[in-house]
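Protein chains in written order, with this note's numbering: chain Y, 1 to 313; chain G, 1001 to 1298.
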């Protein structure tokens, strides 16, 4: 019950953020270089045609009226029509979305499969070979530009070894390279968080108690260390997936993976400002929702935080 | 008189503290080496103002896409321009822009955080709402959106990256201020009738300096990646300016026959970002006694 109340309150509190984000996107598009009506009409159009489009789009009205209008169409789920494709923006987004979701999930699974064991082992055995390899992985992830990793992978696996395709999404094999590229970036972060939260859990008093009680090492690690360490790890994983929906932009572009990230870049080059505006808003919405979900899950799995929330709501 | 003595002692203590921090930093061999590597790269960039092996802008199609050789240490690009010369000049943009924008971002973000945490009330609410909005955007997306809106160019890049980095500083500094402000010594200074700004600068600021420095070092690495990613996407500085990210981008067409055009700019980006991150780790251990104790325990 309290959890539901917390959820409602959390959603309520994100409304000002959402309005702020809408206003920000609205302003960004309005200061865009070039007159949107002229862009739609094309360079050879007559001034009166441009004027007609301007009136059609409502661009001749005062800014605050335009903003209220914008918000009310968004509330009706109407993201406008793409200038380039002539189709509703929301259709374009929903058509590309599954690709981005699949890519994000596969990348996250790879990252977790590598990062969790490495992070835990390197926390348990500092100064060992494993811990050495782990720190290299997390450093490379944090310091290498993903577009460059992508190109190196293409060079090695597509150009030299001819093992994997370098662009498109026609077969399951096409996902391998983009997923690895994305997962390398995630891995670094995740190993670091895993390592530090396991170290922190190891140093807590209740683990000391468990050891003092004479429990076996394995039992202590599984039941007392990992259970505690998992809380921050799960949080980071949630945030990563949220970030990926926006952050896969570069990887998707390099591999021509047809997700919403590469759609955004296409829209930028077509100067399709209605599509740009729609995609950015969509990504922000997803990001806000995921942040709320992560907060609620976090509150749910951590009894200490749950208690604080009990008292607050 | 007594005041003077106290100040003198305080400054001596601070000097000793700094010296001990430097010792800790120096004892971290990886971080110390990274500092040298970074200085080396910066030297290359600085030297580019007076000397480059070749003119970084001059075409020479007869010598296009040559692999590394004694004449061209890192080879030539698709238009026969010397890659080393271009990387030296490009560093001014990639590193320079990252430096300025993170500096701006940290300055604005920290000031907002200080004000927000110290004064509270409506000021705090307004600042925090703005930060909420900025944090509602994934960082890369925010930077891309700003670049689209501001148009390509050095100034736009600086604005885009500093706007993308300031909110984290505001949160960080506000958090530390809220912690410090309830300490007894702040209450004591308030009783002495000192002004708010005096308290902020003398007693609150010193507490937030080290987390800011550590965060800045990490963010320098990150903003090198961000600036070059924007360049790679064609949203940064228009050609023929040899920004590192856009150099990788133009080379990708020739990945099959001349991979070196892509490899070297990418290596420069990686090594620079890596040095900043490693120096950040070293600084964190040197500046934060808590994490040092932590590390010693394990």
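All C-beta atoms in this analysis are idealised placements derived from N, C-alpha and C, irrespective of residue type, glycine included. Keep in mind that this is a model prediction, so the values were computed, not measured.
- Message: Please report the distance separating the alpha-carbon of residue 1250 of chain G from that of residue 199 of chain Y.
- Response: Going from the Cα of residue 1250 of chain G to the Cα of residue 199 of chain Y covers about 44 Å.
- Beta carbon of residue 1261 of chain G, beta carbon of residue 1077 of chain G: below 8 Å? yes
- Within 8 Å (strictly less), CB to CB, does residue 168 of chain Y reach chain G? no
- Step through the CB atoms of chain G and report whether any lies within less than 8 Å of the CB of residue 283 of chain Y. yes
- Which residues, in order along the stretch 1045 to 1071 of chain G, keep a beta-carbon less than 9 Å from a beta-carbon of chain Y? none
- Query: Are residue 115 of chain Y and residue 182 of chain Y closer than 8 Å when you measure CB to CB?
  - Reply: no
- Compute the Euclidean distance between the alpha carbons of residue 1204 of chain G and residue 1220 of chain G, then round it to the nearest angstrom. 25 Å
- Proximal chain Y residues relative to residue 1277 of chain G, where beta-carbon distance stays under 9 Å: 139, 142, 143
- Look at residue 1167 of chain G and residue 1075 of chain G and say whether their C-beta atoms are less than 8 Å apart. The answer is no: Cβ separation not under 8 Å.
- First and last residue of the uninterrupted alpha helix (DSSP H) at residue 115 of chain Y: 89 to 124
- Item | residue 237 of chain Y vs residue 112 of chain Y beta-carbon contact at 8 Å | yes
- Task: Could you name the residues of the same chain whose beta carbon sits closer than 6 Å to that of residue 1231 of chain G, not counting the 5 residues immediately before and after it, in chain order?
- Result: 1243, 1245, 1246
- Once you ignore the five residues that flank residue 1124 of chain G on each side, which residues in its own chain have a CB closer than 6 Å to its CB? 1116
- Among residues of its own chain, excluding the 5 on either side of residue 1180 of chain G, which ones have a beta-carbon nearer than 7 Å to its beta-carbon? 1186, 1204, 1207
- Distance, Cα to Cα, residue 1154 of chain G vs residue 1093 of chain G? 8 Å
- DSSP puts residue 1346 of chain G in a beta bridge; with which residues? No statement about residue 1346 of chain G is possible, as the shown extent of chain G runs from 1001 to 1298 and does not include it.
- Item | Same chain, Cβ closer than 6 Å to residue 1104 of chain G, neighbours up to 5 away in sequence not counted | 1162
- Item | Euclidean distance between Cα positions of residue 1121 of chain G and residue 22 of chain Y | 25 Å
- Query: Of all Cβ atoms in chain Y, is any one closer than 8 Å to the Cβ of residue 1241 of chain G?
  - Reply: no
- residue 91 of chain Y CB to nearest chain G CB: under 8 Å? no
- Task: Name the residue from G:1258, G:1211, G:1165, G:1263 whose alpha carbon lies nearest to the alpha carbon of residue 1224 of chain G.
- Result: G:1165
- Message: In whole angstroms, give me the CA-to-CA distance for residue 93 of chain Y and residue 143 of chain Y.
- Response: 31 Å
- Name, in chain order, the residues that DSSP records as bridge partners for residue 81 of chain Y. Y:88
- Task: Pull out every residue of the stretch 272 to 305 of chain Y whose Cβ sits closer than 7 Å to any Cβ of chain G, in chain order.
- Result: 276, 280, 283, 284, 287, 288
- Query: Does DSSP put residue 1016 of chain G in a helix, in a strand, or in coil?
  - Reply: helix
- Looking only at its own chain, which residues have a Cβ that is under 8 Å from the Cβ of residue 140 of chain Y, when we skip the five neighbours before and after it? 184, 188
- Query: In chain G, what lies closer than 8 Å to residue 32 of chain Y by C-beta?
  - Reply: 1148, 1149
- Message: Extract the residue ranges of the alpha helix (DSSP H) inside the stretch 162 to 242 of chain Y, only unbroken runs of 4 or more that lie entirely within it.
- Response: 176 to 202, 205 to 212
- Quick one: grab the DSSP three-state call for residue 55 of chain Y. Three-state result, residue 55 of chain Y: helix.
- Query: Does the Cβ of residue 1062 of chain G have 16 or more other Cβ atoms within 10 Å, making it buried, or fewer, making it exposed?
  - Reply: exposed
- Message: I'd like to know whether the C-beta of residue 1029 of chain G is nearer than 8 Å to at least one C-beta of chain Y.
- Response: No, because no Cβ of chain Y sits closer than 8 Å to the Cβ of residue 1029 of chain G.
- Message: Please identify, using Cβ separations under 9 Å, the residues of the stretch 1110 to 1133 of chain G that lie next to chain Y, in order along the chain.
- Response: Residues 1129, 1130, 1132, 1133.
- Hey, which unbroken runs of the alpha helix (DSSP H) at 4 residues or more fall wholly within the stretch 255 to 284 of chain Y? 260 to 270
- In chain G, what lies closer than 9 Å to residue 159 of chain Y by C-beta? 1255, 1256, 1259
- Do residue 151 of chain Y and residue 1248 of chain G come within 8 Å of each other at the CB atom, strictly closer than that value? yes
- Message: Quick check: the stretch 249 to 257 of chain Y against the stretch 67 to 80 of chain Y, are at least 3 beta-carbon pairs closer than 8 Å?
- Response: no
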